[in-house]
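A short worksheet on the structure shown next.
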Amino acid sequence: MIKVLIAEDNAVNRELLRELLEARGYTVLEACDGQEALHMIEQALPELLLLDIGMPVLDGFAVVRRIRENPRLALLPVVAVTAYAMRGDREKILNSGFDGYLSKPLNPSALTEELDRLLAKSGQPKHSDQARVGQHGRKGRASGASGSDT
Ligand code: MN
4 MIKVLIAEDN
14 AVNRELLREL
24 LEARGYTVLE
34 ACDGQEALHM
44 IEQALPELLL
54 LDIGMPVLDG
64 FAVVRRIREN
74 PRLALLPVVA
84 VTAYAMRGDR
94 EKILNSGFDG
104 YLSKPLNPSA
114 LTEELDRLLA
124 KSGQPKHSDQ
134 ARVGQHGRKG
144 RASGASGSDT
């Protein structure tokens with residue numbers, strides 16, 4: 004099972020993401036702030052991180068910076084999930100260590116596309132291919148919490 008960590012301080016948004024991901028067959032882990040997210044990444048080694056930008060303790064920019072600075076975690080695909088959708092925000096985010104960008108309110112098909120794109124890039128079979136044995140799957144790794152809407 005492919006593990007996806009949701010780091011998001013808003014409980015309603017976490018629940019929405021969890022439902023969308025579980026419906027697509029992913030195993031979902033949740034963190035409510037940036038510090039908890041970093042802790043869970045170290046503990047559970049998810050295959051992908053959906054990272055809110057506006058969070059208490061550590062915001063998404065601080066979290067992705069620490070991930071990129073850590074050789075064990077540096078290759079983790081990280082997707083920003085944020086209401087910061089002004090002109091220039093996407094570029095700023097993609098220049099800050101994120102691999103992808105999803106704006107709120109979330110578009111479910113855009114979520115699916117980002118997951119398929121990034122998990123394929125990192126060697127995971129696409130969700131739609133999960134029934135098959137992935138010849139290119141990477142080695143399996145050892146195998147889960149409210150706030151503002153940013
Ligand atoms: Mn937030």
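Numbering (the numbering used here), first residue to last: 4 to 153.
For glycine and all other residues, C-beta sits at the position ideal for the given N, C-alpha and C.
The shortest C-alpha to C-alpha distance from Phe64 to any of Leu51, Gln38 and Leu122 is the one to Gln38. Burial check for Met58: the Cβ neighbour count within 10 Å reaches 16 or more, so the residue is buried.
As computed with DSSP, Ile44 is found in no beta bridge at all. If you draw a straight line from the Cα of Gly28 to the Cα of Glu116, it is about 15 Å long. Shown here, Lys107 sits in coil according to DSSP, grouped into three states, outside any helix or strand. By the CB criterion at 9 Å, Leu20 and Leu109 fall inside the cutoff. When the beta-carbon positions are compared, Gly103 and Arg90 stay at least 9 Å from each other. Taken through DSSP and simplified to helix, strand or coil, Thr115 comes out as helix. Apart from the 5 residues on each side of it in sequence, Arg17 sits with its Cβ closer than 7 Å to the Cβ of Ile9, Glu11 and Glu33 in its chain, given in chain order. For Glu94, the number of other beta carbons within 10 angstroms of its own is below 16, and it is reported as exposed. In its chain, beyond the 5 residues on either side, Ser106 and Lys107 have a beta carbon closer than 8 Å to the beta carbon of Ala88. By DSSP's assignment, Asp92 forms no beta bridge with any residue. Ranked by Cα distance from Ala47, the first of Cys35, Val7 and Ser125 is Val7.
In this structure, the C-beta of Asn73 stays at least 8 Å away from each heavy atom of the ligand MN.
Relative to Glu45, the option among Asp55, Ile70 and Leu54 whose CA is nearest is Ile70.
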